[in-house]
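A short write-up of the structure that comes next.
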Amino acid sequence: MKPICRHLCHLSLIAVWLCLSASATAQNRTPAIGTGSGAQPAHLPGAPDFAGIEPSPDAEAVASWVLSVADHGQLPFAIIDKRAARVFVFDGRGRLRGDAPVLLGLAVGDEDVPGIGSLPLSQITPEMRITPAGRFRVQIGRNLKGEDILWVDYDSALSLHRVATGNPREARQQRLDSPTVDDNRISFGCINVPARFFDEVVRSQFAGTNGTVYILPETRPVSELFGPQAQVAR
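Numbers -26 to -1, 1 to 208, taken from mature numbering (1 follows the signal peptide of the UniProt record, and there is no 0), label the letters of the sequence shown in order.
Dropping the structure here:
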């Protein structure tokens, strides 16, 4: 599943493009899990509703672009901000249903290794453990253990799932719980989220439907993947 282009909405994209041109500043986030519940602040029609959460400029700009061109097809979508090590899950109307810290691939990078999905874990070296950036069509499925996960890219075995705690030496739960993003790189590339967040937010939003996940790049400008310039290039 590769990033693909959709139709443009000319006037609204001008404002979004100005946002995408600005450089993002990664901020350490607390590990608290948001559920998007309670009273929602008023927001403009067609604008993302972050429910009072302050995202990075890149995450906010991409969410605005998604809604301005209806790139999500009115289906639920998620934005994964790798620099901030955080995921935001929205319903089809662009309302935040929850946000949470994430664990990401050990290595910094935006492109996965060709054929990595067919390699045994023992052959995946540390520098190959990348969470790729891009636009992905997603759906709930099962892994080889029969556990429900959100398939992001089946061919490369990339998924978003409950935090894996089978290896105590990796201290994955502790990494999620810590207030810093400096220890959130540990996985083979998959996105690990708190178990409660997966059950209450991810599964409830994506069950029985398709959706889209936007993984923001960390080694190049967001505008190369999302926004008017990227759309024209494709």
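Don't be surprised by glycine CBs; every beta carbon is placed ideally from N, CA and C.
Pairwise C-alpha distance: residue j and residue i
| i | j | result |
| --- | --- | --- |
| A25 | L70 | 6 Å |
| D65 | I98 | 35 Å |
| I27 | P153 | 16 Å |
| D129 | A81 | 20 Å |
| S92 | I104 | 15 Å |
| G112 | L124 | It should be pointed out that residue 112 corresponds to Val in this sequence rather than to Gly. Taking the straight line joining both Cα atoms gives about 7 Å. |
| G115 | A37 | 25 Å |
| G182 | L49 | 11 Å |
| V175 | V137 | 14 Å |
| A169 | G72 | 13 Å |
Three-way DSSP call (helix, strand, coil) for residue i in this model
| i | result |
| --- | --- |
| I90 | helix |
| D157 | coil |
| L80 | coil |
| D23 | strand |
| L118 | coil |
| D173 | helix |
| S130 | coil |
| P142 | helix |
First and last residue of the uninterrupted beta strand (DSSP E) at residue i
| i | result |
| --- | --- |
| P75 | 70 to 75 |
| R60 | 60 to 64 |
| A52 | 51 to 55 |
Residues sharing a beta bridge with residue i, DSSP
| i | result |
| --- | --- |
| Q113 | W125 |
| T186 | F51, R111 |
| H135 | N166 |
| I104 | A81 |
Boundaries of the alpha helix (DSSP H) in which residue i is found, first to last residue
| i | result |
| --- | --- |
| S42 | 31 to 42 |
| R149 | 146 to 151 |
| Q179 | 177 to 180 |
Nearest neighbour of residue i, chosen from the options [CA to CA]
| i | options | result |
| --- | --- | --- |
| A145 | L134, D156, I160 | I160 |
| V187 | D45, G89, D23 | D45 |
| residue 225 | P106, D23, H135, F110 | In the structure displayed, the chain extends from -26 to 208; residue 225 sits before or after that span and is not available. |
| R60 | E34, I90, E85, V43 | E34 |
| N117 | F110, R109, V126 | V126 |
| F62 | K56, A52, G68 | A52 |
Residue i: CB within 7 Å of a non-hydrogen atom of the ligand PLP
| i | result |
| --- | --- |
| F51 | Inclusion of the ligand PLP in the displayed structure is not the case, the ligand content being empty and no account of it being possible. |
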